[in-house]
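Student: First, the structure itself, so that you have it in front of you.
Residue numbers (the working numbering): 15 to 415.
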């Protein structure tokens, strides 16, 4: 506010560094002097000064007069919910059956409290909160062995701990639909990864293996919680230089520049050359399930997909459909079902496996796996890094105190 009045101030400078996130402290303090240049139009005064939030002391220095002016309010209940109710009423006056995607800001960052939303407040509501692997998003670097719990500020070391934390976060997001929104369904409204990670090395080498690992981590954890999601994003005119053409964000699963790069490096033209991280996002999944899913999980390393679900007798004639992209099965695949029978509809680039389960069975399992086991190299270096990080963890925690 003082800067807006053209008054020089010492300002905190924050970045996306891991130590800043852990310590909760700025990178540095800088002295900013606008030399009297005001943010307000000539003849207009600062509205916060008009409201008595701040003013000038006897020496002309800015001082806070009402330190609690912005305190004591509940954003979710007092601001978000009234707006959402008005929005819903207008939309459903035209389309009464419209489902309303209700998206509160992430609660891990800051002190926001998710409001109680009844069916009367927002009929046909869907919990559509966003979720990202924030360390990867903010630092544009993929670390399979490290992440940070923003709720506690504590680090997690090792891939198992990383996935466990992410799954815990996603379960927490889903709980809002059940506990705060009258058992509303959850669809993660936005999730994805920055493709310009690791200093955009992939844009020179064509090696998107880090992006594949990072995106697989995100989708694997979503699958573990049986969550639907919207993958952010597809930008038709994405470029390596300007990303998605908004604030240099670069999360598009496709790019014309990637297509040109891949074709230049390989000398071959393929349909999916523009795709980035294809093996991570083009994965088998149950697109229609004749029952209630209890497990829907794809293992990228083995290319095995497992769908488990339960059904009632009334669903005995219904068909479950599984999408199977060819990207993971260059030598074909096999389907194993616990009961019933299946057929396969072939399409360009993918199949649809149709499973009609045995009406006398209650639990069902369908497995899709390669005809021949995939060869995959194994490296211990992430394990060694995790062990080393665990050894220095006490010192890091002491440093953040």
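We treat Cβ as the ideally placed atom computed from N, Cα and C, and that holds for glycine.
#1: Cα-Cα, which of 58, 319, 104 is closest to residue 338?
#2: So residue 27 packs on residue 42, CB below 8 Å; how close in whole Å?
#3: With 16 other CB atoms within 10 Å as the buried threshold, where does residue 194 fall?
#4: Skipping 5 residues on each side, what residues in its chain have a beta carbon closer than 6 Å to that of residue 330?
#5: Measuring CA to CA, which of 305, 54, 299, 145 is closest to residue 313?
#6: Which residue or residues does DSSP assign as beta-bridge partners of residue 306?
#7: Considering only C-alpha positions, which residue in the set 72, 74, 107, 135 is nearest to residue 96?
#8: Where does residue 23 fall in DSSP's three states?
#9: Note down, in chain order, each residue of its chain lying with its Cβ closer than 8 Å to the Cβ of residue 137, except the 5 sequence neighbours on either side.
#10: Pairs of beta-carbons, one from the region 276-289 and one from the region 227-238, closer than 8 Å: are there three or more?
#11: Mark residue 6 as exposed unless 16 or more other C-beta atoms lie within 10 angstroms of its C-beta, in which case mark it buried.
#12: Suppose you measure from the CA of residue 181 to the CA of residue 290; what does that come to, to the nearest Å?
#13: Using alpha carbons as the reference points, say which of 324, 247, 310, 387 lies closest to residue 348.
#14: Does residue 263 pass the burial test, meaning 16 or more other C-beta atoms within 10 Å, or should it be called exposed?
#15: Can you tell which of 161, 326, 142, 217 has its C-alpha closest to the C-alpha of residue 274?
#16: Sort 108, 123, 16 by Cα distance to residue 74 and report the nearest one.
#17: Out of curiosity, what's the CA-to-CA distance linking residue 375 and residue 326?
#18: When we look at the beta-carbon of residue 367 and count the other beta-carbons within 10 Å, is it buried (16 or more) or exposed?
#19: Assuming residue 267 is part of the alpha helix (DSSP H), what are its boundary residues?
#20: Mind checking residue 25: buried by the 16 CB within 10 Å criterion, or exposed?
#21: So residue 260 and residue 205 are supposed to be a Cβ contact under 8 Å. How far apart are they, rounded?
#22: Report all residues from its chain with a CB closer than 6 Å to the CB of residue 272; omit the five preceding and five following residues, and keep chain order.
#23: Look at the Cβ atom of residue 343, then the Cβ atom of residue 384, and state whether they are nearer than 8 Å.
#24: Would you list, in sequence order, the uninterrupted beta strand (DSSP E) runs of no fewer than 3 residues that lie entirely inside the region 100-147?
#25: Using a 10 Å radius around the Cβ and a threshold of 16 neighbouring Cβ atoms, would you call residue 308 buried or exposed?
#26: Quick one: residues in its chain with C-beta nearer than 8 Å to the C-beta of residue 392, no 5 flanking neighbours on either side, listed in chain order?
#27: In whole angstroms, what separates the C-alpha of residue 131 from that of residue 118?
Tutor: Taking the definition as stated:
#1: For the purposes of this step, residue 338 is identified with residue 324 of the chain shown, where counting begins at 1. Looking at the Cα atoms, 319 is the closest of the given residues.
#2: In the chain shown, the residue the question calls residue 27 occupies position 13. In the chain shown, the residue the question calls residue 42 occupies position 28. A Cβ-Cβ distance of about 5 Å is found for the pair residue 27 and residue 42, placing them in contact under the 8 Å criterion.
#3: Locating residue 194 in the chain shown gives position 180, where the first residue counts as 1. Around the C-beta of residue 194, 16 or more other C-beta atoms lie within 10 Å, and the residue is accordingly described as buried.
#4: Translated into positions along the chain shown, residue 330 becomes position 316. Cβ neighbours of residue 330 beyond the five flanking positions: 373.
#5: What you label residue 313 is simply residue 299 of the chain shown in a count that begins at 1. Looking at the Cα atoms, 299 is the closest of the given residues.
#6: Start at 1 with the first residue of the chain shown, and residue 306 comes out as number 292. By DSSP's assignment, residue 306 forms a beta bridge with 324.
#7: The residue you call residue 96 lines up with position 82 of the chain shown. When each option's Cα is compared against that of residue 96, the closest is 135.
#8: What you label residue 23 is simply residue 9 of the chain shown in a count that begins at 1. Annotated three-state conformation of residue 23 is strand, per DSSP.
#9: The residue you call residue 137 lines up with position 123 of the chain shown. Leaving aside the five residues that flank residue 137 on each side, the residues in its chain whose CB is nearer than 8 Å to its CB run, in chain order, 102, 106, 114.
#10: Contact fails: fewer than three Cβ-Cβ distances are below 8 Å.
#11: For the chain, the structure presents residues 15 to 415; residue 6 sits outside this window and is missing.
#12: Position 167 of the chain shown, counted from the start, is the residue given in the question as residue 181. Position 276 of the chain shown, counted from the start, is the residue given in the question as residue 290. Just so you know, the alpha carbons of residue 181 and residue 290 end up roughly 24 Å apart.
#13: By 1-based counting over the chain shown, the position of residue 348 is 334. The shortest Cα separation from residue 348 among 324, 247, 310, 387 belongs to 387.
#14: By 1-based counting over the chain shown, the position of residue 263 is 249. Buried, because 16 or more other Cβ atoms sit within 10 Å of the Cβ of residue 263.
#15: Within the chain shown, the letter at position 260 stands for residue 274. For residue 274, the closest C-alpha among the options 161, 326, 142, 217 is that of 217.
#16: Looking up residue 74 in the chain shown gives position 60. The shortest C-alpha separation from residue 74 is found at 16.
#17: Taking the first residue of the chain shown as 1, we reach residue 375 at position 361. Taking the first residue of the chain shown as 1, we reach residue 326 at position 312. Rounded to the nearest angstrom, the two C-alpha atoms are 8 Å apart.
#18: Here residue 367 corresponds to residue number 353 of the chain shown, with the count starting at 1. With a 10 Å radius around the Cβ and a threshold of 16 neighbouring Cβ atoms, residue 367 comes out buried.
#19: Residue 267 sits at position 253 when you count from the first residue of the chain shown. First-last for residue 267: undefined, no H or E at that position.
#20: On the chain shown, residue 25 is found 11 positions in, with the first residue counted as 1. Its Cβ having fewer than 16 others within 10 Å, residue 25 is exposed.
#21: One-based indexing of the chain shown puts residue 260 at position 246. One-based indexing of the chain shown puts residue 205 at position 191. Contact between residue 260 and residue 205 does not hold, since their C-beta atoms are separated by about 17 Å, which reaches or exceeds 8 Å.
#22: As a position in the chain shown, residue 272 is number 258, starting the count at 1. Once the five neighbours on either side are set aside, the close Cβ partners of residue 272 are 288, 290.
#23: Locating residue 343 in the chain shown gives position 329, counting from the first residue. Locating residue 384 in the chain shown gives position 370, counting from the first residue. With respect to residue 384, residue 343 sits close: the two C-beta atoms are nearer than 8 Å.
#24: DSSP runs (the beta strand (DSSP E)) wholly in the region 100-147: 114-116, 139-141.
#25: Numbered from its first residue, the chain shown carries residue 308 at position 294. Exposed, because fewer than 16 other Cβ atoms sit within 10 Å of the Cβ of residue 308.
#26: Reading the chain shown from its first residue, position 378 is the one you call residue 392. Because the pLDDT of residue 392 is 49, which lies under 50, any placement of that residue in the model is unreliable, and the question is left without a value.
#27: Counted from its first residue, the chain shown places residue 131 at position 117. Counted from its first residue, the chain shown places residue 118 at position 104. Taking the straight line from one Cα to the other gives about 11 Å.
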